[in-house]
Amino acid sequence: MLNGRLQAQIEWALAYDGYRRLAASPEKLERLLRSARNSYRTHGVAPNWCGVDLLRGWAFYLVRADHFSGGGTLEDEWATVLRAVKNHPDAALADHPPDDVSGNTVARLATDLPTQFSSEPRQHKDLAFLAAKRERLWEAHVAPINLFVDQVRREIEAEQAAAASPGSEPAEVLVPYVDPDSGGTRAKVLLLLESPARPAALATGSGMLSADNNDGSAENVWLAYEASGLPRTYGLHWNAVPWFVGSSDRNAGVTNAQVERGRPYLLRLLNLAPDVRVLVALGKRARESAAGNHEQLTARGIRVLNSPHPSPRWRNRTEGASLIEINSHFVEALRIVLDAEV
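First residue of the sequence shown? That's 0 in numbering that gives the first Met the number 0, and the numbers climb one at a time after it.
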């Protein structure tokens, strides 16, 4: 029987999925860690060149290896890695291993908002889970923003109708609502992407901006929340272009004009979420939107962190490096928020 402290530490280690975040298999993760582990065996300490992500991947690897060996192997190397994470200058509070059974960092940091958090990525494919989520779209902490979403939809519909050829039928404007499992008006970190994806916008999708959506980008954001320790109730999702610009068959890239048109909506959203202290711009178009609002964001005391897009295609192109960078920015966002609250 494991003691409570070790069990909590094992759960903490498994929350950082090294196979998804660093390497695709136990063999590849072992090769990635080989140099650090050899240095440990020689000197008895974790090398100081190890970053937080590598250390957390190391802890994950040791837990998986312990499981497959039948247990009882989490001894000196395990204690060294945990100590290295806790003492690392770039480790946020959320990175720290728990010291006792009550050491669930995310639970301590989460606000008292009503939540029904998913236990795995892509949970909006569960129709019962999604239906229950939709019933909560007008809870007090998200209702003002979702009313704003309806206003954005009406404004863009009016503009498109005015620009349409006489006698033509304007296309339906789709602007997803924000997730009731986000921080809503009490959010502290704004996650800005390019434009809604089909799983967020269409009738067959969730109709909301959420890390629970059934697509690869949402899954990578879900994993970044999980790995970084950033509570879902601290985050709020938005898009540089808030309305869906694709078709029933595919997503589509946005134009410069659409990014420019969407910029004022970012500032209007922030009026409804005055506690936001960090904006994580995920991808080129999000960075352009944030850059266009630089003076206003600075005046509001909001830090901007420029990050890669979380799409699986970009992850594959960078051999996973983009996800490590995204995770580091989630950790940095949490650190900024916690520093502001001290």
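Ideal Cβ placement from N, Cα and C applies to all residues, glycine included.
Owing to the predicted nature of the structure, the values given are computational and were not obtained by experimental measurement.
Setting aside the 5 residues that flank it on each side, L304 is surrounded in the same chain by V277, L278, V279, A280, H328, E331, A332, each with a C-beta closer than 8 Å to its C-beta; the list follows chain order. Y39 and Y60 have their C-alpha atoms roughly 15 Å apart.
DSSP places V188 in the strand class (E or B) of the three-state scheme. Judged by their CB atoms, E138 and P169 are not nearer to each other than the 8 Å cut-off.
For A130, the three-state secondary structure derived from DSSP is helix.
In the three-state scheme derived from DSSP, where H, G and I count as helix and E and B as strand, N213 is classed as coil. Non-local C-beta neighbours of A289 in its own chain, meaning closer than 7 Å and more than five positions away in sequence, comprise L191, L278, A280, L296, V303, ordered along the chain. Straight across, the Cα-Cα distance linking D16 with A64 is about 13 Å. Per the C-alpha coordinates, the member of A239, P113, L28, G70 positioned closest to Y233 is P113. Across the set A14, K187, G69, T79, the C-alpha of K187 shows the shortest separation from the C-alpha of A272.
When beta bridges are read from the DSSP output, N238 appears opposite L192. Relative to Q115, the option among G182, D75, W57 whose CA is nearest is G182.
With a cutoff of 8 Å on beta-carbon distance, I325 and S306 are scored as near each other. When the Cα atoms are used, V177 and L92 turn out to be separated by approximately 27 Å. With a beta-carbon spacing of about 7 Å, A239 and S194 fall inside the 8 Å limit used to define contacts.
Put simply, the stretch 251 to 263 does not touch the stretch 48 to 57. Fewer than three CB pairs are less than 8 Å apart. Going by DSSP, S288 is part of the alpha helix (DSSP H) stretching over 283 to 291.
Here A223 is not bridged, per DSSP, to any residue. For L304, the enclosing beta strand (DSSP E) begins and ends at 302 to 306. Residues of the same chain with a CB within less than 6 Å of the CB of P175, apart from the 5 flanking positions on each side, are P195, A199, A200, G206, M207, L208 in chain order. The three-state reading of DSSP puts Y176 in strand, counting E and B together. The DSSP-derived three-state label of V336 is helix.
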